[in-house]
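J.:
The structure is reproduced here in C-alpha cells:
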C-alpha cells in the first residue's frame with residue numbers, strides 16, 4: 010500500500026454537534042450552522058471568500074474507521090452490504106468529508122457556514138468554491 | 010501546524026494526459042476519459058458501483074505546490090490575487106483534487122471514467138457517489 014504525504018489541518022470545526030450519534034448524515038438533513046477557525050498561517054488563502062458564497066468544505070473525519078470496506082447503507086441491516094466507495098459512509102480508507110455549505114459570514118480567521126454535519130473538533134483540510142453548474 | 014495521518018493511495022489514474030500543461034482546468038473543459046486501476050486490497054469497496062453512475066473522484070495532486078496561498082485565477086495576471094481557498098487551483102496546502110465523472114464501465118479492479126482532467130499517474134484517494142440534488 011502506497012503511503013502519500015501527510016495532510017495538514019488548516020482549521021477546525023466548532024459546532025453544537027458533539028458526537029457522531031448526534032450528527033445527521035448529510036448537511037441537508039437538518040444539520041446546524043457551525044464555525045470554522047482557520048489557522049493563522051493560512052489567512053491569505055481566504056482572500057476573496059464572501060458571505061453568501063457556496064463552498065465545499067473538506068474535512069478529516071478523525072473518528073472514522075479506516076479498515077471498513079463494506080457497510081449496510083445508512084446502518085440499515087435490511088440493505089445489502091455495499092462497498093464504501095458506493096456510499097457516503099464516513100468509515101473508508103481515507104475518511105475525507107465533503108460538505109457543501111453556504112458562507113454565512115466571515116470575520117478575520119472565523120467563517121460561519123452551514124448547514125454542516127461535521128462534529129465539533131473535526132479538522133478542516135481544504136475549502137473550495139462550488140463550480141457552476143457542477144461541483 | 011497540526012499534522013494529520015497519512016493518506017493512502019487506493020488506486021492510480023491512467024490517462025492520455027501526461028503533464029499539467031496538457032490538462033484542461035476542469036473535466037468539463039474538454040478532458041478525456043481515463044482509467045482508474047484500484048489497488049487489489051480495496052476490491053470489496055467497489056461493490057455496488059455500476060456503469061452510468063455519477064461519482065466524485067478524489068485525487069492527490071502530487072505535482073502541486075503546497076506552499077502557495079494566493080494565485081491569479083486561471084493564471085491570468087490581469088485578475089487580482091485571490092486566496093487559493095476561493096479558487097480551484099491545484100496549488101494549495103492540501104492538494105486534493107475533486108473530479109465529477111461518469112462511470113463508463115467497470116471490469117474487475119479497472120474503472121473507466123470521464124471526463125477526467127487528472128494527469129497520468131495521479132494517485133486516487135477516494136471515490137464517492139454524487140448525492141442528489143447536491144454533491
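Residue numbers (my numbering), protein chains in the order written: chain R, 10 to 144; chain C, 10 to 144. In this text, a Cβ means the ideal position worked out from N, Cα and C, and glycines have one as well. None of the values given here were measured: they were computed from a predicted structure.
To be precise: take each residue of the stretch 109 to 140 of chain C, compare its Cβ to all Cβ atoms of chain R, and keep it if any distance is under 7 Å. Which residues remain?
T.: So the list reads 109, 132, 134, 135, 136, 137, 138 and 140, given in the order they occur along the chain.
J.: How about the stretch 49 to 58 of chain R and the stretch 89 to 103 of chain C: do they share at least three Cβ pairs that are nearer than 8 Å?
T.: A contact exists between the stretch 49 to 58 of chain R and the stretch 89 to 103 of chain C.
J.: Assuming residue 96 of chain C and residue 80 of chain C make a contact with CB atoms under 8 Å, what is their CB distance in whole Å?
T.: Position 87 of the second chain, counted from the start, is the residue given in the question as residue 96 of chain C. Position 71 of the second chain, counted from the start, is the residue given in the question as residue 80 of chain C. The Cβ separation is near 6 Å, so the contact holds.
J.: With a 10 Å radius around its C-beta and 16 neighbouring C-beta atoms as the bar for buried, classify residue 52 of chain C as buried or exposed.
T.: Here residue 52 of chain C is taken as the residue at index 43 of the second chain, counted from 1. The residue in question, residue 52 of chain C, is exposed, as its Cβ has fewer than 16 Cβ neighbours within 10 Å.
J.: State the Cα-Cα distance for the pair residue 144 of chain R and residue 109 of chain C, rounded to the nearest angstrom.
T.: Position 135 of the first chain, counted from the start, is the residue given in the question as residue 144 of chain R. Position 100 of the second chain, counted from the start, is the residue given in the question as residue 109 of chain C. Confidence is the limiting factor: at residue 144 of chain R the pLDDT is only 43, short of 50, which leaves the residue's position unreliable and the question unanswerable from this model.
J.: I believe residue 17 of chain C touches residue 102 of chain R by the beta-carbon criterion, under 8 Å. Please report the beta-carbon distance rounded to the nearest angstrom.
T.: As a first step, residue 17 of chain C must be located in the second chain, where it is residue number 8. As a first step, residue 102 of chain R must be located in the first chain, where it is residue number 93. The pair is a contact, with the Cβ atoms about 6 Å apart (cut-off 8 Å).
J.: Out of C/88, C/44, C/11 and C/13, state which residue places its alpha-carbon closest to the alpha-carbon of residue 25 of chain C.
T.: As a first step, residue 25 of chain C is located in the second chain; it is residue number 16 there, counting from the start. Nearest of C/88, C/44, C/11 and C/13 to residue 25 of chain C, Cα basis: C/44.
J.: Would you kindly work out how many angstroms separate the C-alpha atoms of residue 111 of chain C and residue 82 of chain C, rounded to a whole number?
T.: Taking the second chain and counting its residues from 1, one reaches residue 111 of chain C at position 102. Taking the second chain and counting its residues from 1, one reaches residue 82 of chain C at position 73. Their Cα atoms are separated by approximately 27 Å.
J.: Would you kindly check if the distance between the Cβ of residue 129 of chain C and the Cβ of residue 22 of chain C is under 8 Å?
T.: Along the second chain, read from residue 1 onward, the residue named residue 22 of chain C stands at position 13. Along the second chain, read from residue 1 onward, the residue named residue 129 of chain C stands at position 120. Yes.
J.: Find the residues of chain C that neighbour residue 79 of chain R, judging by a C-beta separation of less than 8 Å, and give them in chain order.
T.: As a first step, residue 79 of chain R is located in the first chain; it is residue number 70 there, counting from the start. The contacting residues are 53, 54 and 56.
J.: Using the three-state DSSP reduction, which class does residue 125 of chain C fall into: helix, strand or coil?
T.: By one-based count along the second chain, residue 125 of chain C stands at place 116. The answer is coil: DSSP assigns residue 125 of chain C none of H, G, I, E or B.
J.: Please compile the residues from chain C whose C-beta is within a distance smaller than 8 Å of the C-beta of residue 70 of chain R.
T.: Numbered from 1 along the first chain, position 61 holds the residue referred to as residue 70 of chain R. Within chain C, no residue comes near residue 70 of chain R; the closest Cβ sits about 11 Å away, beyond 8 Å.
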